[in-house]
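Residue 50 in full-length UniProt numbering sits at position 50 of the sequence shown, with consecutive numbering throughout.
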Amino acid sequence: MAQWKCSICGYQMEAETPPAECPSCKKTCEFLDNTCYTPDCEGAGKDDRIK
């Protein structure tokens, strides 16, 4: 499952697809895919280097 991060408030969630509205800030925002695709963060499932 993919990890998504709100571009406005930074809220992170796990879902197949990002929602239309952020559950935290209630804004319509761009969700950034911060799923880990490299071995250095595979245990966490998300890449914290993505700001």
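Virtual Cβ for every residue (Gly too), placed ideally from N, Cα, C.
In the three-state reduction of the DSSP assignment, T35 falls in the strand class, which pools E and B. Note on geometry: alpha-carbon atoms of S24 and K5 lie some 11 Å from one another. F31 and P18 have their C-alpha atoms some 6 Å from each other. In terms of Cβ geometry, E14 and Q3 form a close pair [threshold 8 Å]. The C-alpha of K26 is placed about 10 Å away from the C-alpha of A20.
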